[in-house]
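A.B. asks: Just so you know, our numbering puts 68 at position 24 of the sequence shown, and the rest follows in order with no gaps.
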Amino acid sequence: VALNQQPRDMIDLHARMFKKHGITTIRNFDALNDLRNLSYSGERIAEAGLHHQIVITIMDLPPGCEGAHTQEDYSKMLKDILDSDIPFHSVCFKDSSGTVHPRKVYETIQAARKMVPEDMILHLHTHDTAGIGISQYLAAIEAGITRIDLAMSPVSGGTAQPDILSMWHAMKGTDYTLDIDPLKYIKVEEVFEEAMGDYFIPPESRMVSPLIPFSPMPGGALTANTMMMRDTGTLHLYPKVIKEMEEVIRVGGFGTSVTPVSQFYFQQAYLNATQGRWEKINPQYGNMVLGYFGRTPAKPDPEIVKLASEQLDKPVFNEDPLDILEDGRPAAEKKLQENGLAVNDENVFIASSCESKGIDFLLGKAKENIRRKSTEAAKAEKIVAPTTVASADSVMGLREYTITVEGKAYQVQVAEGGGNPIVSTPVPAQKASAPAVAVKVVEAPTPGNILRLEVKAGDQVIANQTLLVMEAMKMESEVKAPAAGTVVDLHVSDGDTVQAGTPLLSLSS
Numbered sequence: 045v046a047l048n049q050q051p052r053d054m055i056d057l058h059a060r061m062f063k064k065h066g067i068t069t070i071r072n073f074d075a076l077n078d079l080r081n082l083s084y085s086g087e088r089i090a091e092a093g094l095h096h097q098i099v100i101t102i103m104d105l106p107p108g109c110e111g112a113h114t115q116e117d118y119s120k121m122l123k124d125i126l127d128s129d130i131p132f133h134s135v136c137f138k139d140s141s142g143t144v145h146p147r148k149v150y151e152t153i154q155a156a157r158k159m160v161p162e163d164m165i166l167h168l169h170t171h172d173t174a175g176i177g178i179s180q181y182l183a184a185i186e187a188g189i190t191r192i193d194l195a196m197s198p199v200s201g202g203t204a205q206p207d208i209l210s211m212w213h214a215m216k217g218t219d220y221t222l223d224i225d226p227l228k229y230i231k232v233e234e235v236f237e238e239a240m241g242d243y244f245i246p247p248e249s250r251m252v253s254p255l256i257p258f259s260p261m262p263g264g265a266l267t268a269n270t271m272m273m274r275d276t277g278t279l280h281l282y283p284k285v286i287k288e289m290e291e292v293i294r295v296g297g298f299g300t301s302v303t304p305v306s307q308f309y310f311q312q313a314y315l316n317a318t319q320g321r322w323e324k325i326n327p328q329y330g331n332m333v334l335g336y337f338g339r340t341p342a343k344p345d346p347e348i349v350k351l352a353s354e355q356l357d358k359p360v361f362n363e364d365p366l367d368i369l370e371d372g373r374p375a376a377e378k379k380l381q382e383n384g385l386a387v388n389d390e391n392v393f394i395a396s397s398c399e400s401k402g403i404d405f406l407l408g409k410a411k412e413n414i415r416r417k418s419t420e421a422a423k424a425e426k427i428v429a430p431t432t433v434a435s436a437d438s439v440m441g442l443r444e445y446t447i448t449v450e451g452k453a454y455q456v457q458v459a460e461g462g463g464n465p466i467v468s469t470p471v472p473a474q475k476a477s478a479p480a481v482a483v484k485v486v487e488a489p490t491p492g493n494i495l496r497l498e499v500k501a502g503d504q505v506i507a508n509q510t511l512l513v514m515e516a517m518k519m520e521s522e523v524k525a526p527a528a529g530t531v532v533d534l535h536v537s538d539g540d541t542v543q544a545g546t547p548l549l550s551l552s553s
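Right, here's the structure in full:
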């Protein structure tokens, strides 16, 4: 439904709105392959009169890892689906990282074909990031797959699906073909390439990445992450972050690397690469290993679970995640009313599922994220780099000290970067020093963009109150107050791009 958890009323509204506005099929997947997360949504999809394509998410594990994602695991998942009372019409095997080796694809589809009715559609979805998409599809076709997903140049191959013409060519000499006129598709792709001429397509999105089987990363997440790193000036760290992915996946319980778990993996790998391994637990990754999104395919590492519990101050959760989510409609209606927007089903769904971006969209203030070659080179991105905040009444890069020369105290301000000296003033000996004020600097947990500041300087806040909303790697996240206090200073503004560790604001207790 969205990149964050949605309660039952929003899951139901999602199905009804999609039906109302002309959608015919919903591909319903869960990155953890927890059947509980497919049950209610599947019921509402079918009840709305839509084609419910239930999904088993698949991937290969990095070399040396074992404990999940075998052909037997996928067959058991399919058996559990068939034994359940979830209504569905077709089955999709979704390999967003494009890493399942062709032999396992063949064995998985062959086993599935024997388990389902002969006329049931079996669908395979993959990405060509690792360069094996066509060989996966050929193996699946031999095993009895019904449908495959393909793309057209210039948005085919690499992080997208294999090209339709490449697939047509690969099937020559087999008992199968695509029922297309290849010459017409050549013309269509020429027209499409011309239409896409001014759109900036990241070069990494067109490439085969040999590292992906070692650190499974979905095609869609890969380019979202690299574009974010490009904006924050940290793209040079990408190889290091990708290498950290292996351990993050292994100790996290082997959830499939697909939205939103792939974002959790990348965010945690980024923190491990930039702040030291496991020095800081990303909140979403931590919630996953603690069970707040459902059961992971294998049990997470106990030490990581302990770290997550300590840093997030939350216990392990073993129940159904939907049971602890409050209905989304009241909060969405309140947001709409506060912004003078009409309260109807469409707006409620947009406000709940898209959060701050949804409200901005409805207000006509949404930021265009389309990048064009004609403007990309000239655009100067505003990047707020990490720096040290010395005190509540200092500015970034400026520190104040009290020094004593020949028995006389002076206040001295020292600026970074070799600026002009600032004249010092004597400190009257008889004046008592002001009581020390504890100042807490709230830092950005990940790189990203500042969507909305929720407080201003001078505001009193309580513990866990939302201070601002960030967007990182396709996901919105709230930065909350670590304790009660007063907002002393804001170090960022709406629209700023920040790196992990960038000071966002200062709180005094």
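Every residue, glycine too, gets a C-beta built ideally from N, C-alpha and C.
This one's a predicted model, so the numbers in the text were calculated from it and none came from an experiment.
(1) Could you tell me the boundaries of the beta strand (DSSP E) in which Asp367 lies?
(2) Based on DSSP bridge pairs, tell me the residues matched to Arg191.
(3) Grab the span of the alpha helix (DSSP H) containing Val531 for me, first residue to last.
(4) Taking the CB atoms as reference points, tell me whether Ile286 and Gly142 lie closer together than 8 Å.
(5) Using the Cα positions of Arg157 and Ile55, report the straight-line distance between them to the nearest angstrom.
(6) I'd like to know if the stretch 96-105 and the stretch 71-82 are in contact, where contact means that at least 3 CB-CB pairs between them fall below 8 Å.
(7) If you count every other CB in all the chains shown that lies within 10 Å of the CB of Thr318, and 16 or more means buried, which is it?
(8) What whole-angstrom Cβ distance do Thr271 and Phe310 have, given they're in contact under 8 Å?
(9) In the DSSP assignment, find the unbroken alpha helix (DSSP H) run with Ile89 in it and report its ends.
(10) Secondary structure at Ile102, three-state DSSP: helix, strand or coil?
(11) Please report the straight-line C-alpha distance between Lys452 and Ala482, rounded to a whole angstrom.
(12) Look at the alpha carbon of Cys136 and the alpha carbon of Met121, and state the distance between them as a whole number of angstroms.
(13) Leaving out five residues on either side along the sequence, give the residues of the same chain with a beta carbon under 6 Å from the beta carbon of Glu233.
(14) Compute the Euclidean distance between the alpha carbons of Asp404 and Phe361, then round it to the nearest angstrom.
(15) Under three-state DSSP, which class holds Cys109?
(16) Can you give the beta carbon distance from Leu227 to Ile208, rounded, assuming they're within the 8 Å contact cut?
(17) Hey, out of Arg416, Pro547, Met514, whose CA is closest to Phe244's CA?
(18) Going along the chain, which residues of its own chain have a beta-carbon closer than 6 Å to the beta-carbon of Leu168, five neighbours each way excluded?
(19) Return the chain-ordered list of same chain residues with a C-beta closer than 8 Å to the C-beta of Tyr329, the five sequence neighbours on each side being excluded.
(20) Please report the residue range of the beta strand (DSSP E) in which Leu315 lies.
(21) By the three-class DSSP mapping on this structure, what secondary structure does Tyr150 have?
(22) With burial defined as no fewer than 16 other Cβ atoms inside 10 Å of the residue's Cβ, what is the status of Lys64: buried or exposed?
(23) Looking only at C-alpha atoms, which of Ser259, Ala410, Glu87 sits nearest to Arg60?
(24) Measure the CB-CB distance between Met103 and Ser253 and report whether it falls below 8 Å.
(25) Can you look up Leu266 in the DSSP assignment and give me helix, strand or coil?
(26) Leaving out five residues before and five after Pro526 in sequence, what residues of the same chain have Cβ atoms less than 8 Å from its Cβ?
(27) Under 8 Å Cβ to Cβ from Ala436, same chain only, skipping five residues before and after it: list those, please.
(28) Measuring CA to CA, which of Ser140, His171, Gln180 is closest to Ile153?
(29) Taking DSSP as the reference, what is the three-state secondary structure of Gly330?
C.D. replies: According to the structure data:
(1) First-last for Asp367: undefined, no H or E at that position.
(2) His167
(3) Looking at the DSSP string, Val531 is not in any alpha helix (DSSP H); the run it does join, the beta strand (DSSP E), is 529-534.
(4) no
(5) 30 Å
(6) yes
(7) buried
(8) Residue identity check: residue 271 is Met in the sequence provided, not Thr. Met271 to Phe310, Cβ: 12 Å. No contact.
(9) 80-91
(10) coil
(11) The predicted model places Lys452 with a pLDDT of 48, which falls under 50 and marks its position as unreliable; any figure quoted below should be read in that light. So the two alpha carbons sit approximately 27 Å from each other.
(12) 12 Å
(13) Met196, Ser197
(14) 34 Å
(15) coil
(16) About 13 Å; that fails the 8 Å criterion.
(17) Arg416
(18) Phe137, Ala184, Ile189, Ile192
(19) Val292, Gly296, Phe308, Tyr309, Gln311, Gln312, Ala352
(20) It is not in any beta strand (DSSP E) - Leu315 instead sits in the alpha helix (DSSP H) that spans 305-319.
(21) helix
(22) exposed
(23) Glu87
(24) no
(25) helix
(26) Lys484, Val486, Ala507, Leu551
(27) In this prediction, Ala436 scores a pLDDT of 37, lower than 50, which makes its location untrustworthy; no coordinate-derived value is stated.
(28) Gln180
(29) helix
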